[in-house]
Amino acid sequence: MLVGISNEPRDYAWGRRGAITALLGRPATDAVEAELWLGAHHGSPARISGSEQSLRDAVPDLTFLLKVLAVGAPLSLQAHPGAEQAREGFAREELAGIPVDARHRNYRDPLPKPELLVAVSPRFEALSGFRPAAEARRDAERIAAAGDLADAVAPLTERLVDDEALGDVLVWLLAGGPEVDAIVDALGRGLAAEPSAAPHLARIAELHPADPGIAAALLLHHLELRAGEALYLPAGNVHAYLDGVGVELMRASDNVLRGGLTPKHVDAAELGRIVQRAAVPLPRLEPVALPDGGLLYEPSDPEAGFSLAVADRALALPLAGPAIALCTDGAFLLEGERSATRVVRGEAVLVTADEGTLRASGAGSLYVAR
């Protein structure tokens, strides 16, 4: 079965005005739009088109969540738990009687939340994963030098000597205190004096003055993706999206541990418990070409269990479970082994597993999550 699904964008403060409706060719709006969820997660389940039936009722065991993401301001500094961490954290908060929708709840479900993001806009900017300590130390010293504040940031730069202990530096920064406050103040003044030393950090410091996340952001890789380039964020990867529009695929979870750069609930101690501790390579994910056309982004991480295919003309994709197809440009004919339908820009379709292989033909941009 191929059946249309739809949803409305969520209006988080960090979103972009009218960006998702513009991408999908919907009537123009001036509303802030941050995320469009296409899945069965209880936080914002999609609906069967032309009805009020929730996708959660139709496919309650859908294991992934496809999103359109529009970032107009930096998101929180955050990481997501692995499978064991999510199960333990969810059980702990259930036992404590914390309502699942409480503001201070960390674990809203017992699932991990690895994420894959493919850039749609010409440029997508993000922070992701610890970079080598020497790189972070060099930039901290350069920013401090702009304000003649080397002594103030010395407690940080002196700790940036071990690529295997960056998680410990993050925990120390997010715990705060007078020493950290002085470092953050010095970095903020240095960035104000010389924004070109690190423009992305200068923007963060302007939006979140006195937040320890300014210093924590120094520890992370800064990436600028072009359209079609991708990131994969495994459990424990500290990250923050900064700017741009993308298509994101993840496990069907809403577990987020935040450490700063947000008015939302922050639990730096719990974040510190689940983060990766060491420097990692740039977390880019390279696609592979599919035999019949299109590209496949498929993480090797066993906790992911999902993949995202992208086509501009043709695609043939075997299905072992349900899939969701989203057209962001042009039009495509979608054919399974039992049924077929046509999608145009802005439309999404649930493809049930009994369709066997999904074939697409047309022209434009088509994303298929499975």
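Quick note: the sequence shown uses the working numbering, first residue 894, plus one each step.
Even for Gly, the Cβ is constructed at its ideal location relative to N, Cα and C.
Fair warning: this is a prediction, and the values are worked out from it, not measured in the lab.
| Cβ-based neighbour list, residue 1088, same chain, cut-off 7 angstroms, excluding 5 preceding and 5 following | The residue given as residue 1088 occupies position 195 in the sequence shown. Excluding sequence neighbours, residue 1088 sits near 1095.
| said: Suppose you measure from the CA of residue 1228 to the CA of residue 895; what does that come to, to the nearest Å? | reply: What you label residue 1228 is simply residue 335 of the sequence shown in a count that begins at 1. What you label residue 895 is simply residue 2 of the sequence shown in a count that begins at 1. Their Cα atoms are separated by approximately 9 angstroms.
| query | residue 1037: which of 1080, 1028, 1000, 897 sits nearest, CA to CA? | reply | Counting from 1 along the sequence shown, the entry for residue 1037 is found at position 144. The residue with the shortest Cα to Cα distance from residue 1037 is 1080.
| residue 1186 - DSSP class collapsed to helix/strand/coil | Sequence index remark: in the sequence shown, residue 1186 carries index 293 (1-based). Coil.
| said: Using a Cβ-Cβ cutoff of less than 6 angstroms, which residues in the same chain neighbour residue 1122 once the five nearest sequence positions on both sides are dropped? | reply: Stepping through the sequence shown from its first residue, residue 1122 is reached at position 229. Only 1012 meet the Cβ criterion.
| field | CB of residue 1333 within 8 angstroms of CB of residue 1020, strictly | value | As displayed, the chain neither begins before 894 nor continues past 1263, which places residue 1333 out of reach and without an answer.
| query | In the DSSP assignment, what are the bridge partners of residue 1021? | reply | Position 128 of the sequence shown, counted from the first residue, corresponds to residue 1021. In the DSSP assignment, residue 1021 is bridged to 1132.
| said: If you follow the alpha helix (DSSP H) that residue 1225 is in, where does it begin and where does it stop? | reply: As a working mapping, residue 1225 is identified with position 332 in the sequence shown. Per DSSP, residue 1225 belongs to no alpha helix (DSSP H); it is in the beta strand (DSSP E), 1216 to 1228.
| query | How is the beta strand (DSSP E) around residue 1303 delimited, first residue to last? | reply | Shown here, the chain extends from 894 to 1263; a query on residue 1303 therefore has no answer.
| message | Three or more C-beta pairs under 8 angstroms: does that hold for the stretch 1243 to 1262 against the stretch 1217 to 1231? | response | Segments in contact, yes.
| field | the stretch 950 to 968 / the stretch 1119 to 1139 touching (three or more Cβ pairs under 8 angstroms) | value | Taking one beta carbon from each stretch, the stretch 950 to 968 and the stretch 1119 to 1139 have 3 or more pairs nearer than 8 angstroms; the two touch.
| query | With burial defined as no fewer than 16 other Cβ atoms inside 10 Å of the residue's Cβ, what is the status of residue 1005: buried or exposed? | reply | Mapped onto the sequence shown, residue 1005 falls at position 112. That one is buried.
| message | Within 10 Å of its beta-carbon, does residue 1182 have 16 or more other beta-carbons around it, so buried, or fewer, so exposed? | response | Counting from 1 along the sequence shown, the entry for residue 1182 is found at position 289. The residue is exposed, with fewer than 16 neighbouring Cβ atoms inside 10 Å.
| Assuming residue 932 contacts residue 959 under a Cβ cut-off of 8 angstroms, what Cβ separation, rounded to an integer in Å, is found between them? | As a first step, residue 932 is located in the sequence shown; it is residue number 39 there, counting from the start. As a first step, residue 959 is located in the sequence shown; it is residue number 66 there, counting from the start. So it is a contact: roughly 6 angstroms between Cβ atoms.
| field | Supposed close pair residue 1090, residue 1031 - CB separation, criterion 8 angstroms | value | In the sequence shown, counting from the first residue as 1, residue 1090 sits at position 197. In the sequence shown, counting from the first residue as 1, residue 1031 sits at position 138. Incorrect: roughly 11 angstroms between the Cβ atoms, too far for contact.
| query | Should residue 1188 and residue 1195 be called a contact, given that it needs their Cβ atoms to be closer than 8 angstroms? | reply | As a first step, residue 1188 must be located in the sequence shown, where it is residue number 295. As a first step, residue 1195 must be located in the sequence shown, where it is residue number 302. No. Outside cutoff.
| message | On the criterion of 16 or more Cβ atoms from any shown chain inside 10 Å, does residue 1155 qualify as buried, or is it exposed? | response | What you label residue 1155 is simply residue 262 of the sequence shown in a count that begins at 1. Buried is the call here.
| task | Look at the alpha carbon of residue 973 and the alpha carbon of residue 1064, and state the distance between them as a whole number of angstroms. | result | What you label residue 973 is simply residue 80 of the sequence shown in a count that begins at 1. What you label residue 1064 is simply residue 171 of the sequence shown in a count that begins at 1. Between the alpha carbons of residue 973 and residue 1064 lies a gap of roughly 15 angstroms.
| Comparing alpha-carbon positions, which option in 899, 930, 921, 917 lies nearest residue 905? | The sequence position of residue 905 within the sequence shown is 12, counting from 1. Per the Cα distances, 930.
| query | Where does residue 938 land, buried or exposed, given buried means 16+ other C-beta within 10 angstroms? | reply | Taking the first residue of the sequence shown as position 1, residue 938 is located at position 45. Counting Cβ neighbours within 10 Å, residue 938 comes out buried, since at least 16 surround it.
| Contact belief for residue 897 with residue 1240 at Cβ below 8 angstroms, rounded distance in angstroms | Start at 1 with the first residue of the sequence shown, and residue 897 comes out as number 4. Start at 1 with the first residue of the sequence shown, and residue 1240 comes out as number 347. The Cβ separation is near 6 angstroms, so the contact holds.
| field | Alpha-carbon to alpha-carbon, residue 1246 and residue 1022 | value | Residue mapping note: residue 1022 aligns to position 129 of the sequence shown, counting from 1. Residue mapping note: residue 1246 aligns to position 353 of the sequence shown, counting from 1. Their backbone Cα atoms lie some 35 angstroms apart in a straight line.
| field | Euclidean distance between Cα positions of residue 1217 and residue 1242 | value | One-based indexing of the sequence shown puts residue 1217 at position 324. One-based indexing of the sequence shown puts residue 1242 at position 349. Inter-residue distance for residue 1217 and residue 1242 is about 6 angstroms (C-alpha atoms, whole angstroms).
| field | According to DSSP, residues forming a beta bridge with residue 1011 | value | Taking the first residue of the sequence shown as 1, we reach residue 1011 at position 118. The partner list for residue 1011 (beta bridge, DSSP) reads 1123, 1140.
| To the nearest whole angstrom, what separates the beta carbons of residue 1252 and residue 1201, a pair I think is in contact under 8 angstroms? | Position 359 of the sequence shown holds residue 1252. Position 308 of the sequence shown holds residue 1201. The pair is not a contact, with the Cβ atoms about 17 angstroms apart (cut-off 8 angstroms).
| So does the stretch 915 to 925 actually touch the stretch 936 to 955, counting three or more Cβ pairs closer than 8 angstroms? | Too few Cβ pairs lie closer than 8 angstroms, so no.
| What residue ranges within the stretch 1032 to 1063 form continuous alpha helix (DSSP H) runs of no fewer than 4 residues, ordered along the chain? | Taking only runs of at least 4 residues, the alpha helix (DSSP H) segments lying wholly in the stretch 1032 to 1063 are 1043 to 1050.
| said: Considering only DSSP beta bridges, list what residue 972 is partnered with. | reply: Numbered from 1 along the sequence shown, position 79 holds the residue referred to as residue 972. For residue 972, which the question treats as bridged, DSSP gives the partners 1150.
| said: On the DSSP bridge list, what partners appear for residue 1076? | reply: If you number the sequence shown from 1, residue 1076 lands on position 183. Note: residue 1076 sits in no beta bridge, so no partner.
| field | Start-to-end residues for the beta strand (DSSP E) that takes in residue 997 | value | Mapped onto the sequence shown, residue 997 falls at position 104. For residue 997, no beta strand (DSSP E) encloses it, and the DSSP letter there is neither H nor E.
| Given residue 980, which residues of its chain have a CB within under 7 angstroms of its CB, disregarding the five upstream and five downstream residues? | Residue mapping note: residue 980 aligns to position 87 of the sequence shown, counting from 1. Taken in chain order, the residues that qualify are 1003.
| Looking only at DSSP bridge pairs, what is residue 1101 linked to? | Translated into the one-based positions of the sequence shown, residue 1101 becomes position 208. Secondary-structure assignment with DSSP links residue 1101 through no beta bridge to anything.
| task | Figure out for me which residue from 1205, 1250, 1101 has the closest Cα to the Cα of residue 1237. | result | Position 344 of the sequence shown, counted from the start, is the residue given in the question as residue 1237. The shortest Cα separation from residue 1237 among 1205, 1250, 1101 belongs to 1205.
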